[in-house]
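Some notes on the structure that comes next.
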Amino acid sequence: MSENIVDDNFIEQFRLQQHKTLKWSTNESAFQRTRSKSLETYQIPFSIGMKLKFRQSVFGTYLKEFNYQQEQSHGLNMNKLGITRLDLKNFNEAEEKIYRSKNDLTDNLFPLLVKGVMQNECVDWDYLYTNMTTLRMNEAQITLLDSELLNFRRLRVLILAGNWLVQINSEFLPRTLQYLECFANTIKDLRSIKKKPPETLYYIGLGRNMLTNGSHLGCLNGIKFKNLRLLDLSHNNIYNLLDILEVLRKLPRLTSLSLEGNPCYTCIAYKDAVLSLLPQLIYLDNTHVDDKDKAPCTISNDDLINGSLIFVCHRIIGLPTPPKEKGVTHTFHLEVNLPLLEQVTHTSKPQKLEKLLEIDDNDFKSLYDRPDEYKLEQDLNIPNSSFKTQRLEWAKIIQFPETSISSPEQNLTMIRDTFRSKVNVKVVYLKTCLPTMPKGVVLAAPLEEIILQKSTFANFFCDLHPVNWSDKTIDFYWADHDACRLNAIPVEGSLTVGKYMCN
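For the sequence shown, the residue numbers in full-length UniProt numbering are 1 to 503.
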C-alpha cells in the first residue's frame, strides 16, 4: 500500500492519540482540569445543589430550615446580625475572599439578608423566593433542573455555570426569567429546551458545552423564542456553519451571536457568511459589527469547509554574523510544531513534546559553536514533522514570508484545537555546502547539498487562543533573556507596525 494513501480509520485513531499528548494552552489546560471528573453516575437535582449552596453561605445561619433546633424570633436573628456585621468588619483579606466566594449567590446579598431580618420574625425560603431576582448557582454540581426553580416567582437572571447539566428542561424555568447562563456544562441536546420556555427570555448562554450540529439546534426557533436577542454558542463542537445559520435565521430579534471557538468559526468565509445570512446582527463574537463588515461579497463552498493557519515571523534581529568559510552557505529557518496539522502516513507516530531543554550559551564562544543536531537526528532516526519556513541567508534583519498551513484532511476541528494548544517554535541554523565534482562532469540533476551542521538558536512556546474575526493576527515577542526564556510574550496589537534600524 502506498504511504500516501492512509485509511480514514487509521487517521482518526492517530488524531485521537495526538490529542492525548498535545500540549494544551494555559487556559485550555485549566478548563480541562475542571472537567476531568464525571458525574454521570450521580443525579444531583437543582433543589439539592441550591440548598447546599445556601447552607454554606451567610444565609445558612439564618434560614429557618437550617436552624430548626433554635426557637426562631426577631430578637435572636437581630443578635445574629450584629455578630455577622462584626465579623465582616474584622475580616482580613483572606477571610473576606472566602466570604465573597461563598456569598455570590445574588446581587446585594447582605442588604437582602438585613431586610429579611428587620422585617420578619424569621428568614425562610418564601422570603427568598419572593425577593430574589438574580440567582447564581455556579459550580454547584447540579446535573438536572427540577420544580424547585419555579418557586422563585420574580427571578429574572439565572446563572448555572460550571455544573454538569446535560439538558435544559424549560418547564422548570421561572416564567419571569430573562437571562439564562449555562456556560461550561455538558449539554449535548436541546430538545428539552423547547418544551415550555419563558416568553421573556432574551439571553441564552450555552458556551463551552458539548453541542454539535446533531444536537437539535433547530429547537431554538422563533416560535418558542420570539424575544431572544442574545445567544452564546461559543466553544462547542458545531462544525457545519450553514446548518447553524439556517437555524438562527428563524430568530427574528437576534442581534448578538457568539460562535467563536467552534470548528465552523475557523472556515475562511466565517464572518462574511454569518453577516450575509444574519444581517441584523449588531454584535458577532462580542465584537461590534460595522456597516463595512457587511459589505456584499462572493462566498464559495470551499471557503465554507476549509480553513488555514497562517504563520509569519515578522523579523529576527540580533543574530551574530556567521563565520566566513569558503564554499559554505549559512541559512536560517523556523520550525513550527503543529501536530494536528501534520500529514499522516502509515509510519506516523504521535510525538510527545517534552519540556524544552535549555542550553547554556556560556559554554560556547559563539552560537555557531553549538552542538550539531543533524547527526544525532540521523543516528537515532528521530522524525521531524515540524512545518518549516523558507530558508534565508543571514542579514541584520531577517523577514520571513507567510506560510499557510491547512489540515490535510480538511478538518476544521484540527485547526480549532491547534488554537487551543501551545505551539513550539524553533529558530534553526543550517550550515551547508555542495559536493565537489570533477571538472567536465555533466550532471543529470542538481547536486544535493550536504548538511554540515544544524543547530537550534532559539526554542520556545507560543500559548495560542481563539482568534476573533476582527483580529488579523495574534502576535508574540521572544528575546533571549530571562523574562521570556521558554515562553513567548503575547503582544497587544500587531508587530508589523514596528520599525527597526540596525547599524
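Idealized CB from N, CA, C, for every residue including glycine.
{"Asked": "Between the Cα of threonine 143 and those of Ile48, Leu367, Phe476 and Asn262, spot the shortest distance and give me the residue it belongs to.", "Found": "Ile48"}
{"Asked": "Could you check where the beta strand (DSSP E) with valine 425 kicks off and where it finishes?", "Found": "422-433"}
{"Asked": "Taking the runs of the beta strand (DSSP E) that are 3 residues or longer, which of them lie wholly in the segment 237-322?", "Found": "256-258 and 308-311"}
{"Asked": "Phenylalanine 400 by DSSP, collapsed to three states: which one?", "Found": "coil"}
{"Asked": "Are asparagine 103 and valine 157 touching if we call contact CB-CB under 8 Å?", "Found": "no"}
{"Asked": "Considering only the alpha carbon of each residue, which of Ser215, Ile398 and Ile310 lies closest to asparagine 240?", "Found": "Ser215"}
{"Asked": "Can you tell me where the alpha helix (DSSP H) with tyrosine 42 in it begins and where it stops?", "Found": "Segment: none, tyrosine 42 is in no alpha helix (DSSP H) and carries neither H nor E."}
{"Asked": "Let me confirm a value: isoleucine 317 is counted as buried when at least 16 other C-beta atoms fall within 10 Å, else exposed. Which label applies?", "Found": "exposed"}
{"Asked": "Give the straight-line distance between the Cα atoms of lysine 53 and lysine 271, rounded to the nearest whole angstrom.", "Found": "41 Å"}
{"Asked": "Can you give the Cα-Cα distance for arginine 370 and valine 427, rounded to whole angstroms?", "Found": "13 Å"}
{"Asked": "Are leucine 150 and leucine 180 close, meaning C-beta to C-beta below 8 Å?", "Found": "no"}
{"Asked": "Sort out for me which residues DSSP pairs threonine 331 with in a bridge.", "Found": "Glu393 and Leu430"}
{"Asked": "Label proline 263 either buried or exposed according to how many other C-beta atoms from any shown protein chain fall within 10 Å of its C-beta, with 16 as the threshold for buried.", "Found": "buried"}
{"Asked": "In this structure, does DSSP put alanine 94 in helix, strand or coil?", "Found": "helix"}
{"Asked": "In angstroms with no decimal places, state the Cα-to-Cα distance between threonine 266 and glycine 327.", "Found": "46 Å"}
{"Asked": "Got a sec? Which residues, its chain only, sit under 7 Å from serine 2 by beta carbon, not counting five neighbours each side?", "Found": "In this predicted model, serine 2 has a pLDDT of only 46, less than 50, meaning its place in the structure is not dependable; the value taken from the coordinates is given anyway. For serine 2, where only same-chain residues beyond five positions count, there are no Cβ hits under 7 Å."}
{"Asked": "Round the Cβ separation of glutamine 390 and proline 401 to the nearest angstrom and send it over; I've been treating them as touching at under 8 Å.", "Found": "6 Å"}
{"Asked": "For the beta strand (DSSP E) that contains valine 114, what are its first and last residues?", "Found": "Careful: valine 114 lies outside any beta strand (DSSP E), inside the alpha helix (DSSP H) at 109-119."}
{"Asked": "For the structure I just gave you, are there three or more beta carbon pairs, one from the segment 207-226 and one from the segment 182-189, closer than 8 Å?", "Found": "yes"}
{"Asked": "Taking the C-alpha atoms as reference points, what is the distance between alanine 30 and histidine 465?", "Found": "13 Å"}
{"Asked": "Taking valine 491 as the reference, which of Tyr477, Ala483 and Leu376 has the closest Cα?", "Found": "Tyr477"}
{"Asked": "In the structure shown, what three-state DSSP assignment does proline 174 receive?", "Found": "coil"}
{"Asked": "I'd like to check one pair, valine 425 with valine 336: are the Cβ atoms closer than 8 Å?", "Found": "yes"}
{"Asked": "By Cβ distance, which residues of its chain are closer than 7 Å to glutamine 13, with the 5 residues on each side in sequence left out?", "Found": "none"}
{"Asked": "Whose C-beta lies closer than 6 Å to the C-beta of residue 505 among residues of the same chain, with five residues either side of it excluded?", "Found": "Here the chain has residues from 1 to 503 only, and residue 505 is not among them."}
{"Asked": "According to DSSP, which residues form a beta bridge with tryptophan 24?", "Found": "Ser421"}
{"Asked": "Using beta-carbon positions only, say whether alanine 269 and leucine 245 come within less than 8 Å of one another.", "Found": "no"}
{"Asked": "What does the alpha-carbon distance come out to for the pair threonine 21 and arginine 15?", "Found": "10 Å"}
{"Asked": "For glutamate 199, does the count of other Cβ atoms within 10 angstroms reach 16, so buried, or fall short, so exposed?", "Found": "exposed"}
{"Asked": "Do isoleucine 238 and leucine 254 have their C-beta atoms within less than 8 Å of each other?", "Found": "no"}
{"Asked": "Suppose contacts are defined by Cβ-Cβ distances below 8 Å. Is glutamate 373 in contact with threonine 456 by that definition?", "Found": "yes"}
{"Asked": "Where does the unbroken beta strand (DSSP E) through asparagine 459 begin, and where does it stop?", "Found": "450-463"}
{"Asked": "Arginine 416 and tryptophan 24: beta carbons closer than 8 Å?", "Found": "no"}
{"Asked": "Just tell me which of Asp463, Thr436 and Ala458 has its CA closest to the CA of isoleucine 450.", "Found": "Thr436"}
{"Asked": "Tell me whether arginine 100 sits in a helix, a strand or coil according to DSSP, three-state version.", "Found": "helix"}
{"Asked": "Tell me tyrosine 477's beta-bridge partners as DSSP assigns them.", "Found": "Ile489"}
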